[in-house]
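The numbering of the sequence shown is the numbering used here, which starts it at 8 and goes up by one.
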Amino acid sequence: MKYDISITKTTTPKEKPTDESKLGFGTIFTDHMFMMDYSAGKGWYNARIIPFGPIAIHPASTVLHYGAEIFEGLKAYRAADGTIRMFRPMENIQRLNRSAERLCLPELDEEGALDILNTMVELEKDWVPHSEGTSLYIRPFMYGNDPHLGVHAVKEATFVVICSPVGAYYPEGLNPVKIAIEAHDVRAVRGGTGYAKCGGNYAASLRAGEKAEKKGYTQVLWLDGVEQKYIEEVGAMNVMFKIGGKIVTPALDSGSILPGITRKSCLELLQDWGFEVEERKISVDELFAAAASGALEEAWGTGTAAVVSPIGQLYYQDTSYTLCGGKIGQTAQKLYDNLTGIQWGKLADTHGWSHIVCNG
Ligand code: PLP
Ligand code: COI
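Here it is as structure tokens:
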């Protein structure tokens, strides 16, 4: 079911960035945004694309007091054949609905949500950057909007989509990042919201992130919230290790790890290439023992923003290991080349992951 979208175009279009090497991540926004409101009993209404700008919000709004917010992140690419494509958008829509269910926010019609993304990307297609390594980052988000202070499941909500032309998420680009394993704070616990993409998970992670940054590390690697023993994920990406030739990645069944779409895609590629893949618990002790013995060959993170990001150094308590001589490993490089090759339409998309939106 498609939503009936009205379009009001801006009368003052912005200059598009001319130097695409300086895009960075999430600081420049396109000319328009999508908005749609929800009210219990009425459903979703007033689907509209309007000029990008500030959002008015009631001071008692649920999101401001109780953090009722979920979001997604996906990208549109300018492919080699001139088309504009999104990568596995239905996966993001389905994850958004799973997050909505966890936070008691209203779900979206899947086909309707895909039509919203298509409409936004087509309208903003001139904002999809051209240079290698760049894309249009699409950030759908939803927040609870009840104008009173009672703590209840929301009855009013707003769904918004904004878009931002981006380059690499980390200033390091494809160079290895330094990651600190957090020994004190936890991000998520069993039964909590770890598997959902909600703003509160990120708010709770900021203190450890700041501490790690001050020590010269790019991001935090979280341990499980119960025993603080098992590896979970990095601040904005899932994590994979190559140990003794096998690929090992934390299993998702704890419910405290975000089920990444890049993770899923990389595991499918690795299996295609004949790697043995183990989705299981991996303790920090096992990881460091593998690092000490030399069995830990490579580590990398996966995420929409981060793509495939090699980990060059791992720190935990007072020990630090340099991995792969601080250089990008072969497997991480192959994953990056193949995944981006499919996204940019340079390699055959045998899995049917690319969703063509329009001609560029
Ligand atoms: N884990 C966290 C906490 C994230 O923020 C992200 C980014 O979205 C990921 C994992 C990777 O998920 P995906 O590959 O779907 O972008
Ligand atoms: C993404 O990769 O899309 C994310 O959401 C990570 C982020 C929090 C910047």
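C-beta atoms are modelled at their ideal positions from N, C-alpha and C, and glycine is treated no differently.
Cβ pair residue i, residue j closer than 8 Å
| i | j | result |
| --- | --- | --- |
| residue 68 | residue 152 | yes |
| residue 318 | residue 183 | yes |
| residue 39 | residue 24 | no |
| residue 149 | residue 107 | yes |
| residue 172 | residue 143 | yes |
| residue 93 | residue 362 | yes |
| residue 213 | residue 272 | no |
| residue 32 | residue 170 | no |
| residue 174 | residue 216 | no |
| residue 314 | residue 343 | yes |
| residue 300 | residue 162 | no |
| residue 154 | residue 65 | yes |
| residue 329 | residue 320 | yes |
Nearest residue (CA-CA) to residue i, options the options
| i | options | result |
| --- | --- | --- |
| residue 322 | 238, 271 and 253 | 238 |
| residue 296 | 10, 326, 367 and 55 | 326 |
| residue 127 | 8, 113, 106 and 81 | 81 |
| residue 56 | 65, 44 and 186 | 44 |
| residue 78 | 271, 110 and 13 | 110 |
| residue 28 | 141, 159, 89 and 66 | 141 |
| residue 367 | 214, 87, 73 and 26 | 87 |
| residue 284 | 253, 306 and 258 | 253 |
| residue 224 | 346, 185, 118 and 258 | 185 |
| residue 211 | 15, 279 and 189 | 189 |
| residue 181 | 360, 64, 333 and 354 | 333 |
| residue 339 | 31, 351 and 276 | 276 |
| residue 198 | 259, 226, 133 and 347 | 259 |
| residue 48 | 125, 113 and 96 | 113 |
| residue 97 | 74, 242, 125 and 135 | 125 |
| residue 157 | 222, 132 and 75 | 75 |
| residue 11 | 164, 121 and 132 | 121 |
| residue 305 | 66, 62, 60 and 251 | 251 |
| residue 179 | 324, 20, 336 and 316 | 316 |
| residue 351 | 218, 209, 54 and 84 | 84 |
| residue 118 | 132, 99, 133 and 134 | 99 |
Neighbour-count burial assignment, residue i, 16 or more Cβ in a 10 Å radius
| i | result |
| --- | --- |
| residue 177 | buried |
| residue 147 | buried |
| residue 51 | buried |
| residue 123 | buried |
| residue 15 | exposed |
| residue 95 | buried |
| residue 270 | buried |
| residue 8 | exposed |
| residue 257 | buried |
| residue 62 | exposed |
| residue 187 | buried |
| residue 2 | Since the first residue shown for the chain is 8 and the last is 367, residue 2 is missing from the structure and cannot be characterised. |
Residue i: first and last residue of the uninterrupted beta strand (DSSP E) it sits in
| i | result |
| --- | --- |
| residue 42 | 39 to 46 |
| residue 165 | 163 to 173 |
| residue 316 | 314 to 323 |
Residue i: first and last residue of the uninterrupted alpha helix (DSSP H) it sits in
| i | result |
| --- | --- |
| residue 273 | 268 to 279 |
| residue 97 | 96 to 110 |
| residue 221 | 213 to 221 |
| residue 224 | Premise fails: residue 224 is in no alpha helix (DSSP H) and is neither H nor E. |
| residue 125 | 117 to 130 |
| residue 349 | 337 to 350 |
| residue 445 | There is no way to answer for residue 445, as the model of the chain reaches only from 8 to 367. |
heavy atom of the ligand GDP below 7 Å from residue i C-beta
| i | result |
| --- | --- |
| residue 240 | Annotation note on the ligand GDP: not contained in the displayed structure, which lists the ligand PLP and the ligand COI as its ligands. |
Taking 8 Å as the threshold, find out whether the stretch 89 to 106 comes into contact with the stretch 196 to 207 through three or more Cβ pairs. yes
With three or more C-beta pairs closer than 8 Å as the rule, is the stretch 258 to 276 touching the stretch 307 to 317? These segments touch.
Count the C-beta pairs between the stretch 187 to 202 and the stretch 228 to 237 that are closer than 8 Å, then say yes if the count reaches three, no if not. yes
Is the stretch 236 to 250 touching the stretch 281 to 291 in the sense that three or more CB pairs, one from each, lie closer than 8 Å? yes
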